[in-house]
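In terms of the numbering used here, the sequence shown is numbered consecutively and its last residue is 400. Below: the structure, in structure tokens.
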Amino acid sequence: MIDSDTQFYAASISKQFTALAAATLIVDGKLSLDDDVRRYLPELPAYRAPVTVGMLMHHSSGIRDSLGLLRMTGMDNVGQASKEEALQLLFRQNDTSLVPGTAYRYSNGGYLLLAEIVERVSGMAFADYANQAIFKPLGMRSAYFLNGGAPRPGAFAHGYVPEGSGFAMRDTFPRFSGSGGLMISMNDFARYVDDIDRVHRVWTPEIAKILLTPGRYTDGSPVEDGAGLGYGGGLHLGERGGERIVQHTGSAEAFKHAFLRFPDRGEIFVVFCNRGDWTASEKLKRIVVASGSSYPGMPLIQPTGLFHSDELDADYRLKPEGDGLRADISSSISKSTTTLHFVPKDDGRFHAGTMTVTPTDDASRILVKRGDIGELLFTRVGEGGAN
């Protein structure tokens, strides 16, 4: 039975802890964001431009994705790979995927190298250093990083994926740390976020400045991910709906997690899930709203009913479908019915390919757009019902 002490494989939620471990060395003067990584990793080739520690942390290094490289060798289950195998693949790469410092490209390989640097600078196994520098000071009694072996026996959640009419267990996550590898319970995560917001035993102002400052490219412009947010220390940073957010997700074959912090509200939301068929970020948004709070930009209501456009002489019959919408579309021109499935996104719209449905303040009206065509007004003319 899952409870607040059950441990989960944290997947990429781990990255903020890897960055935190590196930040403690930076504050101690043992490491710098501007250091050339070959100072610590001489096995890495000299690329078109130097790769710095900050580029690894901010995903602007161009270092290729270690998990992707493992899968390209034919290894479907990356849980079978050792850290040494993953590192050697990175050391064998003759080039980066982009000129270091010029663009954002999310890379598990970059965070594997960051953890290896922490290990070499500290003189300790990365898992041991994280325990000493983070988990023990924060009283995170059951949290730990994997160090080449299976999770410790005890109360940890296995992962599950749909198979046939039921589910099959899948613990196919890597056994090494850096990009992932953290085992953590909800209670331990609560101790961690309490330190962020209140105690500051590990998350000191100096540490916070490192982790909550978005990286910059070599031309001085800010690093931005594909969603228009900056990237700091294992965290996506920016604004939605005029307020600051800090977030990250984590995903393995059978684990889906999401973390969201509203600094100005003093609110933090976390979802740990051991079902591979769920989308944790969508579950988290619904939890935020159910708590009585609001999620910036998220369509909080699903417009339902029969909507008509005079300009198209078309009807859109909208029905709830999970967190999204099903649209049965008919018109005098097509003389047939087409069904589309729309999913909610952070921009406040429901999306199906290049088409969007936007709720308005008036529940009887929606705006529909496709590609470069402007938004067309649809007015509610009836209940949903059946076709």
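We put the beta carbon where it would ideally sit given N, CA and C, even for glycine.
- The residue among Gly-114, Leu-82 and Gly-87 with its C-alpha nearest the C-alpha of Gln-101 is Leu-82.
- When C-beta atoms of the region 219-229 are compared with those of the region 169-176, fewer than three pairs fall below 8 Å, so the two segments do not count as touching.
- Restricted to the region 78-115, the alpha helix (DSSP H) segments that are unbroken, complete and at least 4 residues in length are 79-85 and 96-104, listed in chain order.
- Rounded to the nearest angstrom, the gap between the Cα atoms of Pro-235 and Ile-379 is 36 Å.
- One thing to note: Val-301 has its Cβ no nearer than 7 Å to the Cβ of Phe-272.
- The beta carbon of Pro-333 sits closer than 7 Å to those of Gln-315 and Thr-317, all from its chain and outside the five residues before and after it, given in chain order.
- One alpha carbon belongs to His-321, the other to Phe-363, and they sit about 18 Å apart.
- By the 16-neighbour rule on beta-carbons within 10 angstroms, Glu-132 is buried.
- By the criterion of at least three beta-carbon pairs nearer than 8 Å, the region 199-211 is in contact with the region 151-167.
- Contact between the region 114-122 and the region 68-88 is present: 3 or more CB-CB pairs across the two stretches fall below 8 Å.
- For Val-212, the number of other beta carbons within 10 angstroms of its own is below 16, and it is reported as exposed.
- For Gln-20, the secondary structure class from DSSP, reduced to helix, strand or coil, is strand.
- Here Pro-187 is buried. Its C-beta has 16 or more other C-beta atoms within 10 Å.
- DSSP places Pro-218 within a helical segment (H, G or I) once states are collapsed to three.
- Met-182 is bridged by DSSP to Tyr-173.
- Contact between Leu-46 and Leu-38 is ruled out by a C-beta separation of about 11 Å, above the 8 Å threshold.
- In this structure the region 18-35 touches the region 127-141; the number of beta carbon pairs closer than 8 Å is three or more.
- Within a 10 Å sphere around the beta-carbon of Gln-260 sit 16 or more other beta-carbons, which makes this residue buried.
- DSSP places Ala-327 in the uninterrupted beta strand (DSSP E) bounded by 327-334.
- Per the coordinates, the alpha-carbon of Leu-57 lies some 31 Å from the alpha-carbon of Trp-216.
- Phe-148 is bridged by DSSP to nothing; it lacks a bridge partner.
- Restricting attention to Phe-21, Asp-238 and Asp-16, the CA atom closest to the CA of Arg-288 is found in Phe-21.
- The DSSP-derived three-state label of Ser-25 is helix.
- Ala-163 sits in coil when the DSSP states are folded into three classes, being neither helix nor strand.
- Closest in alpha carbon position to Met-14, among Phe-169, Val-394 and Lys-269, is Phe-169.
- Pairing Phe-139 with Ser-95, the inter-Cα distance amounts to about 14 Å.
- Of the candidates Ala-365, Ser-192 and Ser-17, the residue whose Cα lies closest to the Cα of Asn-121 is Ser-192.
- Straight across, the Cα-Cα distance linking Ser-178 with Ala-62 is about 52 Å.
- Gln-29 counts as buried, since at least 16 other C-beta atoms from the protein chains shown sit within 10 angstroms of its C-beta.
- Unbroken alpha helix (DSSP H) stretches of 4 residues or longer found wholly inside the region 189-259: 199-207 and 218-224, given in chain order.
- Note: Gly-395 is bridge-paired with Leu-319 in the DSSP secondary-structure output.
- Ser-344 and Asp-323 do not touch by the CB rule: their CB atoms are close to 11 Å apart, not below 8 Å.
- The distance from the Cβ of Thr-367 to that of Arg-383 is about 6 Å, consistent with a contact at the 8 Å cut-off.
- Annotation: Glu-129 is outside any beta strand (DSSP E); the continuous alpha helix (DSSP H) that includes it extends over 121-135.
- In the DSSP assignment, Phe-285 forms a beta bridge with His-270.
- The Cβ atoms of Gly-251 and Thr-226 do not sit closer than 7 Å to each other.
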